[in-house]
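As numbered in this note's numbering, residues 6 to 643 make up the sequence shown, in order.
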Amino acid sequence: MDPCDCFETQWPADELLIKYQYISDFFIAFAYFSIPLELIYFVQKSAFFPYRWVLMQFGAFIVLCGATHFISLWTFTSHSKTVAIVMTVAKLSTAFVSCMTALTLVHIIPDLLSVKTRELILKQRAEDLDREKGLIIKQEESGRHVRMLTHEIRSTLDRHTILKTTLIELGRTLDLEECALWMPSRKGMILQLSHSLHNLIPFGSTVPNNLPIITEVFNSAKAITIPPNCPLARIRTSVGSYIPPEVVAVRVPLLHLSNFEIDNWPDHSAKSYAVMVLILPLNGVRKWCDHELDLVTVVADQVAVALSHAAILEESMRARDQLTDQNFALNVARQEAEMAIHARNDFLAVMNHEMRTPMHAIIALSSLLLETELNPDQRAMIETILKSSNLLAALVNDVLDLSRLEDGSLELEHEVFDLHGLFTEVMKLINPIASVKNTSMALNCDLDLPAFAIGDEKRLIQIVLNVVGNAVKFTKGGHVSIQASILSPEYLQEWQTPEFFPTLSDGLFYLLVQVKDSGSGIKQQDIPHIFTKFSEPRSASNRSVSGAGIGLAICKRFVILMGGHIWVESGGLGKGTTVAFLVRLGHYPNDPTMQKLVPQMFPKARPHQGSGELIQHRQFEREDYKVAASFPLYNRSM
Ligand code: ADP
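Here's what the structure looks like:
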């Protein structure tokens, strides 16, 4: 009998079907595993979805389903006990999680379906968004306000305007009941009300600045809320009863301020602060927001910067005013000095014309008188008159020279003169005095010293006479030598000193004159003062011989005018002195054709008229000789 068709016979495992099932199970498991990954991604990205844990549960359920499919890959053929256990655990877990998911869904589906819940969720979400938007708007607003305030504050560089503008702008921007500024007092012990927006705090109020609340404000870099009953915020108001408003205070650093009566601040290096107090409207409704506090803090800093700029400007303006005053004073002083110079010039003119003429007359007439018959007493008296007149004339000449040298009105002459003759002349003048003092004199003119030169002969002779006269004056029974030479251009640099740079151009030469004596000498420390006018060395041993102390000062100026240099050397007291000087002179050519060019080289030079005539033309006439003979050197020393 054929087996019954109703019962399907045990179907032997067909290789192909099993293969298809294998592949299908694998893909099912793959899909099951990928879905939870997508769910995890969804949960992470959607911040607003409220039932995340259900999704997680759902994910676990799918993973477990996938796992059962996956494990079943091993169950198509005969399988081990381990596979059976794993399969059982997976199925049990799947059953548990799927039941839990089903129950959870039963619980939350009505919730999800309820419109109210959805509304709530959306509302909450909208509120969140609004809050975020509001924050952004407020931040933008704060930035704009700060920029606007900063612009307003910085548009002026007057401190009071800056502070006033700050209070007005803050009051407007933050809709304040009152905004006030407390400044430290002169001694820094109290804070004084200096500016107020609506004058609700009585003007002139003071608060001791050692109050804990003020210390707290000083120590905080940011605006802080302070109690409304704090002395800084005590306002007078017409409103009977009101809810105390919120008050904030912020410190305003004071940099380089000098006009806010903090000059006598005990420690200038210590930072000093003003305090700005901001009071909200009295209805007590409004509260300070964080962004408003930030705005107040930033504005306080901006005010500090603007104040420091204003202070710097004020200081520079003060300095400018001071300079203007100083300039004015200098101008007045200059005018006075000019007037003094005019007065002196007038005096010098009088001296020149009115004093020298009678002086010369006295000298000339006394000299003439001396040549007449006189008894010894009369002679002695006339000699004294002559000596005193000579002294006075020499002094007048010196003072005149010095003044003209100082105001620059003295100009050197450029004339051709007998250089050798000049020294011979000096010897002639000095010899008689030297012989009275038992002092021997020697003159040594170098062979290459030109016979003639171009320069200011009168001034040169004055220098030589002064130096040689000093040598004779300070030497008793000794020796004085005069050495005149020409300085070789090759060795010019050897004579260079910090204050003297010898330079020569064509047609010029340096004359070196050295006057050496074996007299009283000069102390080393006195040498630097010798060329200073009216200063005679205090330690000089030759106190017995007095003078005005201007001879060498004049010589130095003449020497400098002649492009030269003068200096003194001495071995010390009693060891003699050497005074030497260099002056620049013009060469007088021997060649007659070249001599014709002299006026071009030295426009002021007078032509040489021969050695014989020179003396006559040198204007050294009889009384001049006598005046010359009365030069300070010998007369004063006698
Ligand atoms: P005065 O016009 O009074 O002579 P000087 O300016 O000529 O003054 O000289 C200044 C001082 O320098 C003299 O008072 C003297 O003390 C000192 N002195 C100048 N030359 C010599 C010298 N050859 N020997 C010693 N002392 C001198």
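Quick reminder that beta carbons are idealized off the backbone N, C-alpha and C, glycines included.
Exposed unless 16 or more other CB atoms sit within 10 angstroms - verdict on A558: buried
Could you tell me if the beta carbon of I527 falls within a distance shorter than 7 Å of some heavy atom in the ligand ADP? Within the cutoff, so yes.
So, for T537: in the same chain, excluding its five sequence neighbours on each side, which residues have a beta-carbon less than 7 Å away from its beta-carbon? A558
Going straight from the alpha carbon of I218 to that of L186, what length do you get? 16 Å
Would you call the segment 413 to 429 and the segment 525 to 537 touching, i.e. three or more CB-CB distances under 8 Å? no
Which residues in the same chain have their Cβ closer than 6 Å to the Cβ of M567, if we skip the five residues on either side of it in sequence? Beyond the five residues adjoining it in sequence on each side, M567 comes within less than 6 Å, by CB distance, of V588 and R589 in the same chain, given in chain order.
Among the residues of its own chain, which have a CB less than 8 Å from the CB of Y27, if the five just before and after it don't count? L78 and F81
Whose CA, out of Q331, E182 and E320, lies closest to the CA of N288? E182
Under a three-way DSSP split, which group does Y593 fall into? coil
Rounded straight-line distance, which links the Cα of I284 to that of L179: Straight through space, the alpha carbons of I284 and L179 are spaced by roughly 10 Å.
In the DSSP assignment, the beta strand (DSSP E) including M281 goes from what residue to what residue? S277 to I284
Going by C-alpha to C-alpha distance, which of N234, V222 and I206 sits closest to R241? I206
Which class does T362 belong to by DSSP, given the choice of helix, strand or coil? Of the three classes helix, strand and coil, the one that applies to T362 here is helix, per DSSP.
Member of H570, E343 and V485 whose CA lies at the smallest distance from the CA of F506: H570
Nearer than 7 Å: is that true of the beta carbon of A476 relative to any heavy atom of the ligand ADP? yes
Once you ignore the five residues that flank I195 on each side, which residues in its own chain have a CB closer than 7 Å to its CB? T211, V212, P213 and N214
Tell me the residue span of the beta strand (DSSP E) that contains T537. No beta strand (DSSP E) contains T537, which DSSP labels as neither H nor E.
H150 versus L300: straight-line alpha-carbon distance, rounded: 8 Å
Does the segment 381 to 390 come close enough to the segment 308 to 326 to have 3 or more Cβ pairs within less than 8 Å? no
If you follow the alpha helix (DSSP H) that W58 is part of, which residue opens it and which one closes it? R57 to I76
Count the other C-beta atoms from every protein chain shown that fall within 10 angstroms of the C-beta of V290, then say buried if there are 16 or more, exposed otherwise. exposed
Taking only runs of the beta strand (DSSP E) that begin and end inside the segment 475 to 527, which ones reach a length of at least 3 residues, in chain order? Restricted to the segment 475 to 527, the beta strand (DSSP E) segments that are unbroken, complete and at least 3 residues in length are 484 to 492 and 513 to 522, listed in chain order.
Compute the Euclidean distance between the alpha carbons of R231 and V222, then round it to the nearest angstrom. It is Ile, not Arg, that sits at residue 231 in the sequence shown. If you take the alpha carbons of I231 and V222, they lie about 9 Å apart.
Under the three-state DSSP convention, the category L379 falls into: coil
Could you tell me whether the segment 495 to 509 touches the segment 443 to 459, using the rule of 3 or more Cβ pairs below 8 Å? no
Determine, using beta-carbon pairs with one atom in the segment 60 to 74 and one in the segment 28 to 48, whether at least three such pairs fall under 8 Å. yes
Please state whether DSSP places G576 in a helix, a strand or coil. coil
Can you find a C-beta in chain D that's less than 8 Å from the C-beta of I33? The displayed structure is made up of one protein chain only, and chain D is not part of it.
For the segment 103 to 115 and the segment 58 to 65, state whether three or more C-beta atom pairs, one from each stretch, are separated by less than 8 Å. Output reads yes: the segment 58 to 65 touches the segment 103 to 115.
Could you tell me the alpha carbon to alpha carbon distance between C450 and L405, rounded to whole angstroms? Using only the alpha carbons, I get a separation of about 32 Å.
Roughly how many angstroms separate the alpha carbons of L202 and I173, rounded to a whole number? 6 Å
Going by DSSP in three states, V301 sits in which element: helix, strand or coil? helix
Please name the residue, chosen from M153, M188 and L198, that lies closest to R177 on a Cα-to-Cα basis. M153
Which runs of the beta strand (DSSP E), 3 residues or longer, sit entirely within the segment 147 to 194? You should have 183 to 189.
Please state whether the Cβ-Cβ distance between G193 and S313 is less than 8 Å. no
Could you say which of E388, D403 and R409 lies nearest to I346 if we only look at CA atoms? R409
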